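Going by my numbering, the sequence shown opens with residue 851, and the numbers climb by one from there.
Beta carbons: idealized from backbone N, C-alpha and C, even for Gly.
Note that the coordinates shown come from a computational prediction; the quantities given were computed from them, not determined experimentally.
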Amino acid sequence: MITCTHCGKPLTDPISIQRGIGPDCWRNRLDQDRTRNGNLFGNQADFSWGIDGKILWLKDNGGPGRSLTNDMENALARIQAELDQTPINGYTIIYRDSEGVWDGVRLTRFDLQAVFLDFQWLSDGRYPHYWSQGLDVDFYWIGEKRYEDARAKVLSVAARAVG
Ligand SMILES: [Zn+2]
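#1: According to DSSP, is TYR990 part of a helix, a strand, or is it coil?
#2: Roughly how many whole angstroms lie between the Cα atoms of ASP896 and GLN983?
#3: I need the straight-line Cα distance from PHE891 to PRO914, nearest angstrom please.
#4: Can you list, in chain order, the residues of its chain with a C-beta nearer than 7 Å to that of GLN894? Leave out the 5 residues immediately preceding and following it.
#5: Hey, out of SER948, ASP947, LEU906, whose CA is closest to THR936's CA?
#6: Chain D beta carbons: is any one of them nearer than 8 Å to that of ILE938?
#7: Quick check: the Cα distance between VAL987 and ASP947, rounded to an integer number of angstroms?
#8: Is LYS859 close to ligand 1? I mean its beta-carbon at under 7 Å from any heavy atom of the ligand.
#9: One question on the structure: do LEU918 and TYR945 come within less than 8 Å of each other, judged by their Cβ atoms?
#10: Please report the distance separating the alpha-carbon of LEU926 from that of GLY903.
#11: Would you identify the three-state DSSP class for ARG928, choosing helix, strand or coil?
#12: Among the candidates GLY858, ILE852, ASP863, THR853, whose CA atom is the shortest distance from the CA of GLN963?
#13: Beta-carbon within less than 6 Å of THR958's beta-carbon, same chain only, minus the 5 sequence neighbours each way: which residues are those?
#14: From CYS875 to TYR997, what distance separates their C-alpha atoms?
#15: Take GLU994 as the anchor and find which of VAL965, TRP952, ASP968, PHE960 has the nearest alpha-carbon.
#16: Determine the direct distance from the alpha carbon of GLY950 to that of ILE852, and round the result to whole angstroms.
#17: Could you tell me if the beta carbon of ILE867 falls within a distance shorter than 7 Å of some heavy atom in ligand 1?
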């Protein structure tokens, strides 16, 4: 039997089992984080995003929050919530960092249900330092400053991989 790492109670639902923490303890943990961090959106990355064919792009807007590089899981979870049932793992994801350079983002784990579940806590406004447990990412080098060049590069790589 798998039990909560905080209180030792048995875990039954798959997402809690994946987290290793039951729903009540998870909420408490987010609450503690809220108390520590105060301001509602201060910790989140400020970014823009869009869909361009098979490309999902994100741009770091700078600002006082976390860098997009350090907040990528959350940024993607927020995008997933807006896209609703269209899963982001169907897109080639690229992002422009705070230095203005485009690089690639690979999803190394993606659990749509867990992403939605975690997002509910963010939307209810009480949990500022939200982080998603529903996905993990990896970055890869593109190294282009112009969007068109970055786009062309990832699409040619994707085409080679398929062909
Ligand atoms: Zn617990």
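In terms of the structure at hand:
#1: TYR990 falls in the strand class under three-state DSSP.
#2: Roughly 20 Å between the two C-alpha positions.
#3: Legend: pLDDT at PHE891 = 46, less than 50; position of this residue unreliable, value from coordinates given subsequently. CA-CA distance, PHE891 to PRO914, rounds to 10 Å.
#4: Hits under 7 Å: GLY915, ARG916, ASP921, ASN924.
#5: Residue LEU906 is the option with its Cα nearest to THR936.
#6: The question asks about chain D, but that chain is absent: this structure has only one protein chain.
#7: Taking the straight line from one Cα to the other gives about 15 Å.
#8: Taking the Cβ of LYS859 as the reference point, at least one heavy atom of ligand 1 falls within a distance shorter than 7 Å.
#9: The Cβ atoms of LEU918 and TYR945 sit closer than 8 Å to each other.
#10: So the alpha carbons of these two residues sit roughly 17 Å apart.
#11: Assignment of ARG928 by DSSP, reduced to helix, strand and coil, places it in the helix class.
#12: The residue with the shortest Cα to Cα distance from GLN963 is ASP863.
#13: Excluding five sequence positions before and after THR958, the CB atoms of its chain that fall closer than 6 Å to its own CB belong to ASP986, ASP988, given in chain order.
#14: Whole-angstrom Cα-Cα distance: 43 Å.
#15: Of the candidates VAL965, TRP952, ASP968, PHE960, TRP952 places its Cα closest to the Cα of GLU994.
#16: A direct Cα-to-Cα measurement between ILE852 and GLY950 gives close to 45 Å.
#17: Closer than 7 Å to some heavy atom of ligand 1: that does not describe the Cβ of ILE867.
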